[in-house]
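Just so you know, the protein sequences line up as chains A and B, in that order.
Residues 41 to 601 in this note's numbering are what the first sequence spells out, letter by letter.
Residues 10 to 301 in this note's numbering are what the second sequence spells out, letter by letter.
For reference, the structure discussed in these notes is given below.
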Amino acid sequence: MKDLNVVIAGAAGEGVQTVGDTLAAAISAQGYAVSTWKEYESRIRGGLNSYTVRVGEGPRNAPLEEADVLLALNRDAVDKYEKRLKPEGTLLFREPLKGRRMAAVDFIGIARDEIGRKIYANTVAVGALAAVLGMDLEGLKTVLVRVFSDKPEDVQEANLRAAEKGYQAADRACREVCPWTLEGAGGNYLLLTVNDAIPLAAAHAGCRFISAYPMTPSTGIITMLAKERDRLGVFAEQAEDEIAAVNMAIGASFAGARAMTATSGGGFALMVEGLSLAGMTETPLVVVLAQRPGPATGLPTRTGQGELLFAIHAGHGEFARLILAPSDPRDAFFKTVRAFNLADQYQIPVILLTDQFLADAKFSIEDLNPDQVPPAFHTADPSSVQEDYARYRVTGSGISPRLIPGQSEHLVGADSDEHDEHGHITEDLLGTAVPMARKRLSKMEGLRNEVLPPEENNLDQAEVVLVGWGSSRAALLEALELLADDGVRAGMIHFTELWPLPEYSFPGGKSYWSVEGNATAQLARLLRSEYGIPFQGHIERIDGLPLTADHIRRTFHERNK
Amino acid sequence: MSEISKYTSQAENQWCPGCPNFSILEAYKKAFVEMDLPPHRICMVSGIGQAAKLPHYLRCNFFNGLHGRALPVAVGVKTANPELTTIVSTGDGDAYGEGGNHFLHTLRRNPDITVVVHNNEIYALTKGQASPTTPAGEKRTLQVRGVDVAPLDMPAVAVLHHCTFVARGFAGEVDHLKDLLVAALKHPGLAVVDVIQPCITWGTRPVTWYRDRVRKLGDEHDPADWEAALSQTLRKEEEFPIGILYQSEPRPVFGHGYRESVVDGPLYRAMPTDRSGLEEILASFRPSGVSA
Chain A
41 MKDLNVVIAG AAGEGVQTVG DTLAAAISAQ GYAVSTWKEY ESRIRGGLNS
91 YTVRVGEGPR NAPLEEADVL LALNRDAVDK YEKRLKPEGT LLFREPLKGR
141 RMAAVDFIGI ARDEIGRKIY ANTVAVGALA AVLGMDLEGL KTVLVRVFSD
191 KPEDVQEANL RAAEKGYQAA DRACREVCPW TLEGAGGNYL LLTVNDAIPL
241 AAAHAGCRFI SAYPMTPSTG IITMLAKERD RLGVFAEQAE DEIAAVNMAI
291 GASFAGARAM TATSGGGFAL MVEGLSLAGM TETPLVVVLA QRPGPATGLP
341 TRTGQGELLF AIHAGHGEFA RLILAPSDPR DAFFKTVRAF NLADQYQIPV
391 ILLTDQFLAD AKFSIEDLNP DQVPPAFHTA DPSSVQEDYA RYRVTGSGIS
441 PRLIPGQSEH LVGADSDEHD EHGHITEDLL GTAVPMARKR LSKMEGLRNE
491 VLPPEENNLD QAEVVLVGWG SSRAALLEAL ELLADDGVRA GMIHFTELWP
541 LPEYSFPGGK SYWSVEGNAT AQLARLLRSE YGIPFQGHIE RIDGLPLTAD
591 HIRRTFHERN K
Chain B
10 MSEISKYTSQ AENQWCPGCP NFSILEAYKK AFVEMDLPPH RICMVSGIGQ
60 AAKLPHYLRC NFFNGLHGRA LPVAVGVKTA NPELTTIVST GDGDAYGEGG
110 NHFLHTLRRN PDITVVVHNN EIYALTKGQA SPTTPAGEKR TLQVRGVDVA
160 PLDMPAVAVL HHCTFVARGF AGEVDHLKDL LVAALKHPGL AVVDVIQPCI
210 TWGTRPVTWY RDRVRKLGDE HDPADWEAAL SQTLRKEEEF PIGILYQSEP
260 RPVFGHGYRE SVVDGPLYRA MPTDRSGLEE ILASFRPSGV SA
């Protein structure tokens, strides 16, 4: 089958999220690969938001804009989102509208008159969508039983009836305009977001402490850890500000707990002094920077990739750091564990760069086996360390044996001032300050051997090579196919490990195009300065929506004239 | 090793000769001796300033971090290892100025740490500017026409928010200060000790001026009486009551719920985490309900 794309649109508080989540789960449970993405306004009620559900037989996990089906929960949503409907697409709305290919189902009326409460309108809508998409009613009901299993029995029963009524109404209204069938496929997927994967991976990696200040789109991470405290074992504290958040995490890490914080651009800006502190005191720290468009408050609920160079340069002074930019929840799971392991091994801050798209989008993933990325611990064994312990012993690798204060009779001192091997303030410039600075920076050499090279696709054949990073991977892969249809031989180089950059040589004779969610082609600038490769063109997106294959294709053709 | 020298570090002291900070340092050592605290069970945390250098001059664990940020670091340290006696050595600029927000929220958290504020009413390390506690009208190197904003009284704020231990000491009364430190360290929950520490280099008054105005609180003051504590804490005109200003029944300390339900003790011993919770949650993300 060809992938189907369903858009649910309405005001905040109208049920867009509930209908989308329920539909996505219901279709996934039928064995299809589902992926979703959300775009929404920064308000609690009102405005217009959309939730897009892509359905296919194999996981593509790339966002699509064009819709086969649009469920509009109010009239303004029809006007705003109708243009995303394909010509052969179908609108689902509460009442007939002239001149449109549509099915009318009065969700609220059915909920009120046939179920007894308007609150069931969302489930009526889910049932109607299931009929529009040609799903099996019994299969849908089986899933709904599970979805509503924590509700009282009468509520469960009312929801099932609501779905059935919606299904029947849409089935009657839709014969002519709903050619689709979803009779079931053979897959069995995990359906989760990067904000689901990161806290789970953190707990698996042995993280015991998170402090954060709520900031979209990062808040889901500390929320899950706080909710699941007893099952995941992580201490979660909502700090008074991001400065406190990063310093608390550093304190916890110094005292022996694997620790993290999570934020977005503005909060990260407040954290950068702390980042520098982690660098200077050589305290392991994992920071999630979930990007949204700036500057300042910017578009608080939208997506972007504008913080790449900020993350690389954040913090005063020079110190070693690692920057990882996962492309999907599976990658995020593995990279989060890697972030904790490498932060511990190299005693550095590690930044995980995600974005609002990744934070909120659900991906279908066949399996996630934590055993593939075991936690690895690198603190020194106190019994092997001499009595006069020096926290910052100068070593060839730059890594000094790290002990935990209170674990043994050794004394552990850490200092934000330039310091001697025991962590005491120094003003001895040549004898102490210079070797210490070199020791810390020499960790970059080791890190360069840790980072993974970029992923390549169709490079041998390609004349045009799209170069991207982080969340755009699936869209890039899909764009290669669209460009091939247009007669463009395109390949991909995609980075998920961005600092330090890996040893890598870009093949010659290609036309390189950067594809990024920022206006200033930050990756291209970085690669030009590190590898000296020239770029033919740039494909950017700064409207707060995710990079999609269509956008990449369209912009490529516009620019390649 | 004598009892006192057990806590003496080899680091070179950078304070001005004769600074009252040396007396505060001595009071710490005497308090540690009296409590027989093993050096490796102590973690001093500090920010930036002359008080923030004190951890270097004690033999114990220490984390000397950023200006104003000692409190969140100490909260992290104590949470990660409740067995560490965690002490913040800070000054009026560090704790009440740059770190003022953290001070307020640390009062809410009530972590089991002791915060000792060297209050000299001046920024000494940066050469004599006004601090949040400089009285209005006094001249400083930057406030050449006199400070024209009101001073902050953070010990009063601490009492106001029911911090269960608030004391004021005087650097010139070492044994009295030692007693305050011992009481503060033994008190479960946040203990705030504001120490009058005249600056002999940049200050505008000699140590004797302060000594003449210090008044030890005696039996007439009941530290459990919140309103009396508040009135003693609020700076009287040119008089400094010293002693335990306020002490009440301890409240639950920060992180007690986690320690009761999840891990009791240092978190480094608790790694890695049990896998069953993770597996359960991961499985809940499979809409089919069928495990892979």
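Virtual Cβ for every residue (Gly too), placed ideally from N, Cα, C.
_Taking a contact to mean a Cβ-Cβ separation below 9 Å, would you say Y219 (chain B) touches F249 (chain B) in this structure?_
Cβ distance < 9 Å, so Y219 (chain B) and F249 (chain B) count as in contact.
*For a contact meaning CB atoms closer than 8 Å, what does A279 (chain B) contact in chain A?*
Under the 8 Å cutoff, chain A gives R248 and G273.
_Cα-Cα separation between I67 (chain A) and S293 (chain A), rounded to whole angstroms_ = Near 42 Å, if we compare the C-alpha coordinates of S293 (chain A) and I67 (chain A).
*asked:* So, does the stretch 107-122 of chain B touch the stretch 181-195 of chain B, judging by three or more C-beta pairs under 8 Å?
replied: Too few Cβ pairs lie closer than 8 Å, so no.
*Classify Y255 (chain B) as buried or exposed, calling it buried when 16 or more other Cβ atoms lie within 10 Å of its own Cβ.*
That one is buried.
*Quick one: which residues of the stretch 286-298 of chain B get their C-beta closer than 7 Å to a C-beta of chain A? List them in chain order.*
Correct list: G286, L287, E289, I290, L291, F294, R295, P296, S297 and G298.
*Say whether the stretch 30-45 of chain B touches the stretch 60-72 of chain B, bearing in mind that this needs 3 or more beta-carbon pairs closer than 8 Å, one atom from each stretch.*
Proximity of the stretch 30-45 of chain B to the stretch 60-72 of chain B meets the contact definition, three or more beta-carbon pairs being nearer than 8 Å.
*What residue ranges within the stretch 547-586 of chain A form continuous beta strand (DSSP E) runs of no fewer than 3 residues, ordered along the chain?*
Along the length of the stretch 547-586 of chain A, whole beta strand (DSSP E) runs at least 3 residues long occupy 551-556 and 577-580, reported in chain order.
*Going by other Cβ atoms of all chains shown within 10 Å of its Cβ, with 16 needed for buried, is M44 (chain B) buried or exposed?*
So M44 (chain B) ends up on the exposed side.
*Of all the CB atoms in chain A, is at least one closer than 9 Å to the CB of L199 (chain B)?*
Put simply, the CB of L199 (chain B) is far from chain A, with every gap to its CB atoms at 9 Å or more.
*Contacting positions in the stretch 283-300 of chain A - beta carbon closer than 9 Å to chain B*: Listed by position along the chain: I283, A284, A285, V286, N287, M288, A289, I290, G291, A292, S293, F294, A295, G296, A297, R298 and A299.
*Where does T343 (chain A) land, buried or exposed, given buried means 16+ other C-beta within 10 angstroms?*
Buried, by the Cβ-count rule.
*asked:* Quick check on G453 (chain A) - is its C-beta less than 9 Å from some C-beta in chain C?
replied: Any reference to chain C falls outside this structure, whose protein chains are A and B.
*To the nearest whole angstrom, what separates the beta carbons of V82 (chain B) and G291 (chain A), a pair I think is in contact under 8 Å?*
With a Cβ gap of about 4 Å, V82 (chain B) and G291 (chain A) count as contacting.
*Flag this pair as touching only if the stretch 236-244 of chain A and the stretch 368-377 of chain A have three or more C-beta atom pairs under 8 Å; answer yes or no.*
The stretch 236-244 of chain A makes contact with the stretch 368-377 of chain A: 3 or more CB pairs, one atom from each, lie closer than 8 Å.
*Scan the stretch 186-232 of chain A and note each continuous alpha helix (DSSP H) run of 4 residues or more that stays entirely inside, going in chain order.*
Fully enclosed alpha helix (DSSP H) runs of no fewer than 4 residues occupy 193-213 of the stretch 186-232 of chain A, in order along the chain.
*Give the C-beta separation of R433 (chain A) and V390 (chain A) to the nearest angstrom, bearing in mind that I take them to be a contact with Cβ-Cβ under 8 Å.*
Wrong, their Cβ atoms sit about 22 Å apart, outside the cutoff.
*Check the C-beta distance from G86 (chain A) over to A117 (chain A) and give it rounded, since I have them as a contact under 8 Å.*
Their Cβ separation, rounded to whole angstroms, is 12 Å, which puts G86 (chain A) and A117 (chain A) out of contact at 8 Å.
*What is the DSSP secondary structure of R175 (chain A), counted as helix, strand or coil?*
Note on identity: in this sequence residue 175 (chain A) is Met, with Arg being the wrong assignment. Note: M175 (chain A) maps to strand in three-state DSSP.
_The alpha helix (DSSP H) enclosing Q426 (chain A), as first and last residue numbers_ = Unbroken run through Q426 (chain A): none, as it is neither H nor E.
*Residues that N235 (chain A) contacts on chain B, provided the C-beta gap is smaller than 9 Å*: For N235 (chain A), none of the residues of chain B pass the 9 Å Cβ criterion, the least Cβ distance being about 12 Å.
*Ends of the beta strand (DSSP E) at Y91 (chain A)?*
In the DSSP assignment, Y91 (chain A) falls within the beta strand (DSSP E) that extends over G86 to G96.
*In this structure, what does DSSP give as the bridge partners for K225 (chain B)?*
In the DSSP assignment, K225 (chain B) is bridged to B:I251.
*Since P389 (chain A) sits in a beta bridge, which residues does DSSP pair it with?*
For P389 (chain A), which the question treats as bridged, DSSP gives the partners A:L325.
_Suppose you measure from the CA of V216 (chain B) to the CA of T143 (chain B); what does that come to, to the nearest Å?_
For V216 (chain B) and T143 (chain B), the distance between alpha carbons rounds to 16 Å.
_Just to make sure I have the definition right: I need the residues of chain B whose C-beta is within less than 9 Å of the C-beta of N199 (chain A). Which are they?_
Those do not exist, as N199 (chain A) stays about 16 Å from chain B at its closest Cβ, beyond 9 Å.
*Counted within 10 angstroms of its Cβ, other Cβ atoms place M41 (chain A) as buried (16 or more) or exposed*: With a 10 Å radius around the Cβ and a threshold of 16 neighbouring Cβ atoms, M41 (chain A) comes out exposed.
*Runs of alpha helix (DSSP H) lying entirely within the stretch 232-266 of chain A, each at least 4 residues, in chain order*: Counting only runs that start and end inside the stretch 232-266 of chain A, the alpha helix (DSSP H) elements of at least 4 residues fall at 234-244.
*Using a cut-off of 9 Å between C-beta atoms, extract the partners of L190 (chain B) located in chain A.*
Those within 9 Å of L190 (chain B) in chain A number zero; the least Cβ separation is about 20 Å.
*Quick one: complete beta strand (DSSP E) runs, 3+ long, within the stretch 358-407 of chain A?*
Runs found: 362-364, 389-395 and 403-405.
*L240 (chain A) touches chain B at which residues, Cβ-Cβ below 8 Å?*
Within 8 Å Cβ-Cβ: L287, I290 and L291.
*Could you tell me the distance, in whole angstroms, from the CA atom of A284 (chain A) to the CA atom of L566 (chain A)?*
Spanning the two alpha carbons is a distance of roughly 31 Å.
*Go ahead and label H127 (chain B) buried or exposed: buried means 16 or more other beta carbons lie within 10 angstroms of its beta carbon, across all protein chains shown.*
Burial call: buried.
*Residues of chain A with CB under 9 Å from L93 (chain B), in chain order?*
Near L93 (chain B) (Cβ distances below 9 Å), the residues of chain A are A295, P445 and G446.
*Apart from the five residues on each side of it in sequence, which residues of its chain come closer than 6 Å, Cβ to Cβ, to T210 (chain B)?*
For T210 (chain B), where only same-chain residues beyond five positions count, the Cβ hits under 6 Å are C25.
*Nearest chain A C-beta to T88 (chain B) closer than 9 Å, yes or no?*
It does; some Cβ of chain A falls within 9 Å.
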